[in-house]
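To start, the structure itself, in structure tokens.
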Amino acid sequence: MFWRSVVGKLWFTILLLVCFVLFILTVLLLEFFENYHVLEAEKELLQTATKVSDVVSEYEREELILSMTDLIKDPSSQVVVTDRSGNILTSPSSEGNDLPNFSYNWFMNDSEFAAVVEERKDVMKVSNIEDSELGYMVVGTPLNDQQGAVFVYQSLDTIEETSDQTTKIIFLGAGIAIILTTIFAFFLSTRITSPLIKMREGALELAKGEFNTKIPILTHDEIGELAMAFNRMGRQLKFHIDALNHEKEQLSGILRSMADGVLTMNRQGDVLVSNPPADQYLQAWAFEVSGIEKHYSEQQRNLPVPMRELFNKVIDNEQELMTEVTVQGRTWVIIMTPLYDQDHVRGAVAVLRDMTDERRLDKLRKDFIANVSHELRTPISMLQGYSEAIVDDIAESREDKNELAKIIHDESLRIGRLVNELLDIARMEAGHISLYLEQIQVGPFAKKIVRKFKGLAEEKQVQLNLDLQDEHPMISIDIDRMEQVLTNLIDNAIRHTDENGTVDVIIERSQSEWLIQVSDSGQGIPEDDLPFVFERFYKADKSRKRESSQKGTGLGLAIAKHIVEAHSGSIGVHSKVDEGTTFTVVIPIKEEEDEN
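In the UniProt record's numbering, the protein residues as written are 1 to 596.
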């Protein structure tokens, strides 16, 4: 609104101030001119009376005195000349005016007028007639050389008319002054506030983030300096905002790239800043609590209960604390430190580290030691026992000693195989595996391996089948390593297949890969064990009590997985309990194979 703007307020203030000054000035001028007109009228009448007195003193003839008096006096006034005895020496003329004729007695009835004749002094007075509402100004002065006086009187209407004219002129001047002041005040306020309006618009642009806004400098006064300061402020704001955004982006990039989760909380425990790993923890906790996949912001960014307890302790004790929690199967170590604002604790910072892999590796290390110890304990015990039997001559006959020696030899070979496989898998996991790739035909290679297991299959009464689409295509592989993979898969399939079962080896070629499948109709693998079949020392028999025909180290599938992956391929397994198991090996076809 206009009245709420700076222009309206400044215009109204200037106009009100000028009106107030003009009002005081008008009142004073009216009072001054009213007194001035009265004094001027008295002075004029007194001069007229003095001149008439001089005429009376100079001339003796009444007709001459009357004529001279008519010439001297103002047409709006009357003159009365009397002597001490009350005789009217000259009578007033009432032509051209409505003034009454006052008698000698009327003057003498007033003590002040009587003093003119008796005390010979000038008198000026305003008098009223009882039967008239008009007022008259009467001036009396004594005759120079005679006993008498000259009285000159005039109606106050003349003075009021003059005062009215003066009043009209004063009010006209005041009105013109107010109009000019209004125009000037509006022009001045608009001129002053125009840069301020531009500054307001510039400030709104700054609030929107337009820091390149500039205010035009129209003057070199204080407003111009204010515009210069505003432009300088805009440049400084742009510089500092850009610096803050750069720091914010840098901090945000650092937080996003951190492997550890970071949470910043205020003193009330509300999450202020978080990075993706911390968001994963909050989402996992929200899912564990509600069972519904929700973003952590929908949880009002509240801390999980374990962190809330840790947060309260950190705020109360003002010291760094650590805890370990498990959420959705993952282990998190949380280190929380108080966040200070000078000497006041204003919140806390928490660092969350996912220790799942470390805990898993630690468990694998412990399991590895336990498995190796378990695998070595049995053959070492047998070596010790049978060797003691030979040393103590418990086996008396040559046949018995040979039998014990054969057992010792088999167990030593078993220990050798275990050590060699451990060395192989250690080199593979360290990335030291070397492949010697050769171009061979698939048919002869596959038949050779299957032929090697014919005797074992017949002994187990298991039917072993080979399915080849084409025997002649070439494949680029490390022959010994790939034979080790197929040997392990076929051997496991035969050993875990009951009598009258079947084991099928299927080799197919597509446009981009080789597909090798080893399927059996045996015992199958429990669903819970499927994710772990390629881990070291995995055995389907958890009790490790197997028949002699099924003894193994549990490292074959782990080695097979590393060999296949070294060929840039993949290996997988599908199984159902009591229905059978299928291992699938996929080897990508290389360019030289396509040429052949």
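Glycine residues also receive a C-beta, built at the ideal position from the N, C-alpha and C atoms.
Predicted model only: the values in this text are computed from it and were never measured.
Subject >> Counted within 10 angstroms of its Cβ, other Cβ atoms place Met228 as buried (16 or more) or exposed >> reply: Translated into the one-based positions of the sequence shown, residue 228 becomes position 228. So Met228 counts as exposed.
**OP:** May I ask you to report which of helix, strand or coil DSSP gives Ser397?
**Re:** Stepping through the sequence shown from its first residue, residue 397 is reached at position 397. Note: Ser397 maps to coil in three-state DSSP.
Original post:
Given a threshold of 16 other Cβ atoms within 10 Å of its Cβ, counted over all protein chains shown, does Val305 qualify as buried or as exposed?
Top reply: Looking up residue 305 in the sequence shown gives position 305. A residue is called buried when at least 16 other Cβ atoms come within 10 angstroms of its Cβ; Val305 does not meet this threshold and is exposed.
Original post:
Which residue or residues does DSSP assign as beta-bridge partners of residue 621?
Top reply: No information on residue 621 is available, as it lies outside the stretch 1 to 596 that the chain covers here.
Original post:
If you check the beta carbons only, do Leu15 and Ala185 fall under 7 Å apart?
Top reply: By 1-based counting over the sequence shown, the position of residue 15 is 15. By 1-based counting over the sequence shown, the position of residue 185 is 185. Their beta carbons are under 7 Å apart, which means Leu15 touches Ala185 by this criterion.
**OP:** For Ser163, collect the residues of the same chain with a Cβ closer than 6 Å to its Cβ; drop the 5 residues on either side in sequence, then sort them by chain order.
**Re:** Here residue 163 corresponds to residue number 163 of the sequence shown, with the count starting at 1. Only Glu34 and His37 meet the Cβ criterion.
Original post:
Would you call the CB atoms of Val518 and Val573 closer than 7 Å?
Top reply: In the sequence shown, the residue the question calls residue 518 occupies position 518. In the sequence shown, the residue the question calls residue 573 occupies position 573. With a cutoff of 7 Å on beta-carbon distance, Val518 and Val573 are scored as not near each other.
**OP:** Could you say which of Gln250, Leu204, Trp514 and Ser568 lies nearest to Phe230 if we only look at CA atoms?
**Re:** Locating residue 230 in the sequence shown gives position 230, where the first residue counts as 1. The residue among Gln250, Leu204, Trp514 and Ser568 with its C-alpha nearest the C-alpha of Phe230 is Leu204.
Original post:
Mind checking whether Asp478 and Leu423 have CB atoms under 7 Å apart?
Top reply: For the purposes of this step, residue 478 is taken as residue 478 along the sequence shown, with counting starting at 1. For the purposes of this step, residue 423 is taken as residue 423 along the sequence shown, with counting starting at 1. Contact: no.
Original post:
How many Å lie between Leu555 and Glu535 at the Cα?
Top reply: Residue 555 sits at position 555 when you count from the first residue of the sequence shown. Residue 535 sits at position 535 when you count from the first residue of the sequence shown. Leu555 and Glu535 have their C-alpha atoms some 8 Å from each other.
**OP:** Flag this pair as touching only if the region 353 to 360 and the region 329 to 338 have three or more C-beta atom pairs under 8 Å; answer yes or no.
**Re:** With a cut-off of 8 Å, the region 329 to 338 and the region 353 to 360 count as touching, because enough Cβ pairs lie within range.
Subject >> Own chain partners of Ser543 with C-beta closer than 8 Å, once the 5 adjacent residues on each side are dropped >> reply: In the sequence shown, the residue the question calls residue 543 occupies position 543. Residue placement at Ser543 is flagged as unreliable, the pLDDT there being 45, under the threshold of 50; a coordinate-derived value is accordingly withheld.
Subject >> Cβ-based neighbour list, Val271, same chain, cut-off 8 Å, excluding 5 preceding and 5 following >> reply: By 1-based counting over the sequence shown, the position of residue 271 is 271. The residues Leu263, Thr264, Met265, Leu282, Tyr296, Arg301, Asn302 and Leu303, in chain order, have a CB closer than 8 Å to that of Val271 in the same chain once the five nearest residues on each side in sequence are set aside.
**OP:** Could you check how far apart the C-beta atoms of Asp528 and His496 are, in whole angstroms? I think they sit under 8 Å.
**Re:** In the sequence shown, counting from the first residue as 1, residue 528 sits at position 528. In the sequence shown, counting from the first residue as 1, residue 496 sits at position 496. Between Asp528 and His496, the beta carbon gap of about 17 Å keeps them out of contact (Cβ cut-off 8 Å).
**OP:** Give the secondary structure of His344 by DSSP, where H, G and I count as helix, E and B as strand, and everything else as coil.
**Re:** Locating residue 344 in the sequence shown gives position 344, where the first residue counts as 1. His344 falls in the strand class under three-state DSSP.
**OP:** May I have the straight-line CA-CA distance separating Gln319 from Ala350, to the nearest angstrom?
**Re:** Looking up residue 319 in the sequence shown gives position 319. Looking up residue 350 in the sequence shown gives position 350. Between Gln319 and Ala350, the C-alpha separation is close to 12 Å.
Original post:
Are the beta-carbon atoms of Arg509 and Ile563 separated by less than 7 Å?
Top reply: For the purposes of this step, residue 509 is taken as residue 509 along the sequence shown, with counting starting at 1. For the purposes of this step, residue 563 is taken as residue 563 along the sequence shown, with counting starting at 1. No.
Subject >> Thr326 - partner residues in DSSP beta bridges >> reply: Taking the sequence shown and counting its residues from 1, the one referred to as residue 326 is at position 326. Paired residues: Thr331.
**OP:** Evaluate Phe32 with the Cβ neighbour count: other Cβ atoms within 10 Å of its Cβ, from every protein chain shown; 16 or more gives buried, anything less gives exposed.
**Re:** If you number the sequence shown from 1, residue 32 lands on position 32. Answer is exposed; the Cβ neighbour count stays below 16.
**OP:** Taking the CB atoms as reference points, tell me whether Leu383 and Glu403 lie closer together than 7 Å.
**Re:** On the sequence shown, residue 383 is found 383 positions in, with the first residue counted as 1. On the sequence shown, residue 403 is found 403 positions in, with the first residue counted as 1. No, these two residues do not count as a Cβ contact at 7 Å.
Original post:
Are the beta-carbon atoms of Leu466 and Val505 separated by less than 7 Å?
Top reply: Translated into the one-based positions of the sequence shown, residue 466 becomes position 466. Translated into the one-based positions of the sequence shown, residue 505 becomes position 505. Result yes, Cβ atoms of Leu466 and Val505 sit closer than 7 Å.
**OP:** Name the residue from Val442, Pro142 and Arg451 whose alpha carbon lies nearest to the alpha carbon of Val56.
**Re:** Within the sequence shown, residue 56 is the residue found at index 56, counting from 1. Cα-wise, what sits closest to Val56 is Pro142.
**OP:** Let me know the secondary structure DSSP gives Ser434 once reduced to three states.
**Re:** Locating residue 434 in the sequence shown gives position 434, where the first residue counts as 1. Here Ser434 sits in coil by DSSP.
**OP:** Taking residue 618 as part of the alpha helix (DSSP H), name the residues at either end of that continuous run.
**Re:** This structure cannot settle anything about residue 618, because the visible part of the chain is limited to 1 through 596.
**OP:** Measure the C-alpha to C-alpha separation of Gly269 and Phe311 and round it to an integer number of angstroms.
**Re:** Stepping through the sequence shown from its first residue, residue 269 is reached at position 269. Stepping through the sequence shown from its first residue, residue 311 is reached at position 311. Using only the alpha carbons, I get a separation of about 7 Å.
Original post:
Are the region 449 to 464 and the region 482 to 490 touching by the rule of at least three beta carbon pairs closer than 8 Å?
Top reply: yes
Original post:
Who are Leu468's beta bridge partners in DSSP?
Top reply: Locating residue 468 in the sequence shown gives position 468, where the first residue counts as 1. Beta-bridge pairing links Leu468 to Ile507.
**OP:** Helix, strand or coil for Gln523, going by three-state DSSP, please let me know.
**Re:** Locating residue 523 in the sequence shown gives position 523, where the first residue counts as 1. Note: Gln523 maps to coil in three-state DSSP.
Original post:
Does the beta-carbon of Pro338 have 16 or more other beta-carbons within 10 angstroms, so that it is buried, or is it exposed?
Top reply: The residue labelled residue 338 in the question sits at position 338 within the sequence shown. With 16 or more other Cβ atoms within 10 Å, it is buried.
Original post:
Between Asp122, Gln147, Asn144 and Thr158, which lies nearest to Tyr136 when the distance is taken from Cα to Cα?
Top reply: Reading the sequence shown from its first residue, position 136 is the one you call residue 136. Checked all of Asp122, Gln147, Asn144 and Thr158; the closest Cα to Tyr136 is Thr158.
Original post:
Could you give the residue range of the alpha helix (DSSP H) that holds Leu456?
Top reply: For this step, residue 456 is matched to residue 456 along the sequence shown. Here the alpha helix (DSSP H) through Leu456 covers Lys454 to Glu459.
Original post:
To which residues does DSSP link His574 through a beta bridge?
Top reply: What you label residue 574 is simply residue 574 of the sequence shown in a count that begins at 1. According to DSSP, His574 bridges with Thr582.
Original post:
Between Ala370 and Ala389, what straight-line distance do the alpha-carbon atoms span, to the nearest angstrom?
Top reply: In the sequence shown, residue 370 corresponds to position 370, counting from 1. In the sequence shown, residue 389 corresponds to position 389, counting from 1. Each residue's Cα considered, the two are about 28 Å apart.
**OP:** Give the DSSP-derived three-state secondary structure of Leu143 in the structure shown.
**Re:** The residue labelled residue 143 in the question sits at position 143 within the sequence shown. Correct three-state label for Leu143: coil.
Subject >> Option in Asp110, Glu58, Ile559 and Phe287 with minimal Cα separation from Asn420 >> reply: Within the sequence shown, residue 420 is the residue found at index 420, counting from 1. Per the Cα distances, Ile559.
Original post:
Using a Cβ-Cβ cut-off of 6 Å (strictly less than) and excluding sequence neighbours within five positions of Gly224, which residues of its own chain qualify?
Top reply: The count along the sequence shown starts at 1 and reaches residue 224 at position 224. Hits under 6 Å: Ile217.
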